[in-house]
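Chains as they are written, first to last, in this note's numbering: chain H, 1 to 202; chain U, 1001 to 1202. Even glycine gets a Cβ: it sits at the ideal position worked out from N, Cα and C. I have placed the structure first, in the form of structure tokens, so that the comments after it can refer back to it.
Number of protein chains: 2
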Amino acid sequence: MSEKDLNTEQKILEAARVVFIEKGFEGARMQEIADEAGINKALLHYYYRSKDKLFEGVFRDAFFELVPHIVQLIKSDIPLFDKIETFVREYIIVFQKNPYIPGFILHELSRNPGRIVTMISDIGVDPQVFIDQVEQEVNKGTIHPINPYQLIVNMLALCIFPFVASPIIKNIIFSKKPGYFDQFIEERKTEASQFIINAIKK
Amino acid sequence: MSEKDLNTEQKILEAARVVFIEKGFEGARMQEIADEAGINKALLHYYYRSKDKLFEGVFRDAFFELVPHIVQLIKSDIPLFDKIETFVREYIIVFQKNPYIPGFILHELSRNPGRIVTMISDIGVDPQVFIDQVEQEVNKGTIHPINPYQLIVNMLALCIFPFVASPIIKNIIFSKKPGYFDQFIEERKTEASQFIINAIKK
DNA sequence: GTCTATATTGTGATAGAC
DNA sequence: GTCTATCACAATATAGAC
């Protein structure tokens, strides 16, 4: 579906998404969003009353595009090692397509942590299933004892961090290997899960 | 040294540091920096000509406080497992004291990646020593084969991510365990390095 | 060096014609 | 629904007195 096929309201939301996600709330300009959408500023206010309202729509979409997805996966009823492999692969693929989203969400949440409270109740957030699953594997002796919370954060960290820190990685760590980043991420879809599984399996 | 002992220029830089690191460049207000320093706006411009110049000072300080530190450690001549343990512990301690710094640096770099280019040349950035060290251990058969670049990013990710993502961790993952975050970080000083070492050692 | 007052520009938001 | 023109205010920056 090309841009021409979208109605004005959709065009605005899509333009706002592009600008807000790249620049953040404070850095985004209504003028830039209007330009991106090929309309003028006044129309933005006609459809969405304020910058805040427009932002809220964009943020909620981005948030609910990512978070419930992983919450489901974490709770799902598949073997632990399979779950880790799937989690890592699927998540990295999502970020590969939307590399700015992780930084956007993290920055906006730290700018306004209260925002999250209004959204949590909409998602069934309960890491208990995963925690039980990890503890069962520990009891069975298939993995080393580990704090399940540390494991969850490790999984998130290994998937998300490369995208949040891409300027540092590209320019400092890979400064001698220009263009290596994409290949690095490609490798990571399997490397990261192997890393995690090696870390916990007996 | 209390605030009273600082001269005006130092007070301004310290105030700017507090405000910029918490709010980011776009979110920071010169008025707020002036208030924080206990002076008025005009004096900010007397000492630093513009908001940009003031920010640049703050950013450089924060950047050079963190990055050369780890570059040195990564290059240093100590055994791999010791190096990993030291790296994780020291880095997490730094972030414990300055939890906003990682997010600040990452966000500002992604907002203006060009900034980093002017700074890199000042640091001797060369991961080669670490890469050689990892490959030697692989050849000796003490660790599994691993891409050293993946390993470096994993180490950074496990240390830095919890601070960048603290709102998500506190409100979503630990929503049933209020106040747990600090203890979680404390544990992590040793848990994260054990995780890494388990992942690579044979 | 430090202040008050003011200039200047940028930006979100609205009024009103079509 | 969409536009042009404009308002109102916020924020950086400067002038000038002390």
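Under three-state DSSP, which class holds residue i?
i, result
"I1078 of chain U", "coil"
"K1201 of chain U", "strand"
"I1039 of chain U", "coil"
"E1191 of chain U", "helix"
"I1143 of chain U", "strand"
"D1061 of chain U", "helix"
"N1098 of chain U", "coil"
"P1167 of chain U", "helix"
"R111 of chain H", "helix"
"I12 of chain H", "helix"
"Y48 of chain H", "coil"
"I123 of chain H", "coil"
"E3 of chain H", "Because E3 of chain H sits at a pLDDT of 49, beneath the cut-off of 50, its placement in the model cannot be relied upon, and the following sentence gives the value as read from the coordinates. In this structure, E3 of chain H counts as helix in the three-state DSSP scheme."
"R1089 of chain U", "helix"
"A34 of chain H", "helix"
Closest by CA to residue i, which one among the options?
i, options, result
"E9 of chain H", "H:G24, H:L80 and H:A42", "H:A42"
"Q194 of chain H", "H:D61, H:A15, H:F87 and H:K51", "H:F87"
"I123 of chain H", "H:E137, H:K75, H:I84 and H:P79", "H:K75"
"I984 of chain U", "U:N1007, U:I1078, U:I1084 and U:F1055", "In the structure as shown, chain U begins at 1001 and stops at 1202. Residue 984 of chain U is therefore absent and cannot be evaluated."
"N7 of chain H", "H:F20, H:G38 and H:R29", "H:G38"
"F1059 of chain U", "U:D1082, U:D1035, U:E1191 and U:R1017", "U:R1017"
"F1025 of chain U", "H:H107, H:V67, H:E32 and H:G57", "H:H107"
"V153 of chain H", "H:K53, H:V71 and H:I21", "H:V71"
"F81 of chain H", "H:I21, H:A157 and H:V138", "H:V138"
Along chain U, which residues have their Cβ under 8 Å away from the Cβ of residue i?
i, result
"R60 of chain H", "Per Cβ cutoff of 8 Å: no residues; R60 of chain H is ~15 Å from chain U at best."
"I21 of chain H", "Simply none; closest approach about 11 Å."
"N198 of chain H", "H1144, N1198, A1199 and I1200"
Since residue i meets chain H, which of its residues come closer than 8 Å, beta carbon to beta carbon?
i, result
"Q1150 of chain U", "F184, E187, R188, E191, A192 and F195"
"P1162 of chain U", "V153 and A157"
For residue i, which residues in the same chain have their Cβ closer than 6 Å to its Cβ, ignoring the five residues on either side in sequence?
i, result
"Y1091 of chain U", "C1159"
"M1 of chain H", "Any reading at M1 of chain H must be qualified, since the residue scores a pLDDT of 44, below 50, and its modelled position is unreliable; the value itself is stated next. No residues qualify anywhere along the chain."
"E3 of chain H", "With a pLDDT of only 49 at E3 of chain H, under the threshold of 50, the placement of this residue in the model should not be trusted, and no figure is reported."
"K1011 of chain U", "A1037"
"I200 of chain H", "I143, H144 and I146"
In chain U, which residues lie with their C-beta within 9 Å of the C-beta of residue i?
i, result
"G141 of chain H", "Going along chain U, no residue has its Cβ under 9 Å from G141 of chain H, so there is no contact; the nearest lies around 15 Å."
Could you pull out every residue in the same chain whose Cβ sits closer than 7 Å to the Cβ of residue i, ignoring the five residues on either side in sequence?
i, result
"K170 of chain H", "F181"
Taking residue i as the query, report the chain H residues whose CB atoms sit under 9 Å from its CB, ordered along the chain.
i, result
"P1113 of chain U", "S166, P167, K170 and N171"
"V1117 of chain U", "N171"
"G1024 of chain U", "G24, E26, G27, H107 and R111"
Starting from residue i, find everything on chain H with Cβ-Cβ shorter than 7 Å and list it in chain order.
i, result
"S1110 of chain U", "G103 and P167"
"N1147 of chain U", "E187 and E191"
"P1068 of chain U", "Under the 7 Å cutoff, chain H gives no residues; its nearest Cβ is about 11 Å from P1068 of chain U."
"V1129 of chain U", "Correct list: empty, because the minimum Cβ distance to chain H is about 13 Å."
"S1175 of chain U", "I120 and V125"
> Any chance the stretch 175 to 191 of chain H sits against the stretch 1138 to 1153 of chain U, with 3 or more Cβ pairs inside 8 Å?
Replying inline: yes
> Between the stretch 1106 to 1122 of chain U and the stretch 121 to 135 of chain H, do at least 3 Cβ pairs fall closer than 8 Å?
Replying inline: With a cut-off of 8 Å, the stretch 121 to 135 of chain H and the stretch 1106 to 1122 of chain U do not count as touching, because too few Cβ pairs lie within range.
>> Counting beta carbon pairs with one atom in the stretch 1163 to 1180 of chain U and one in the stretch 1093 to 1109 of chain U, are three or more of them shorter than 8 Å?
In response: yes
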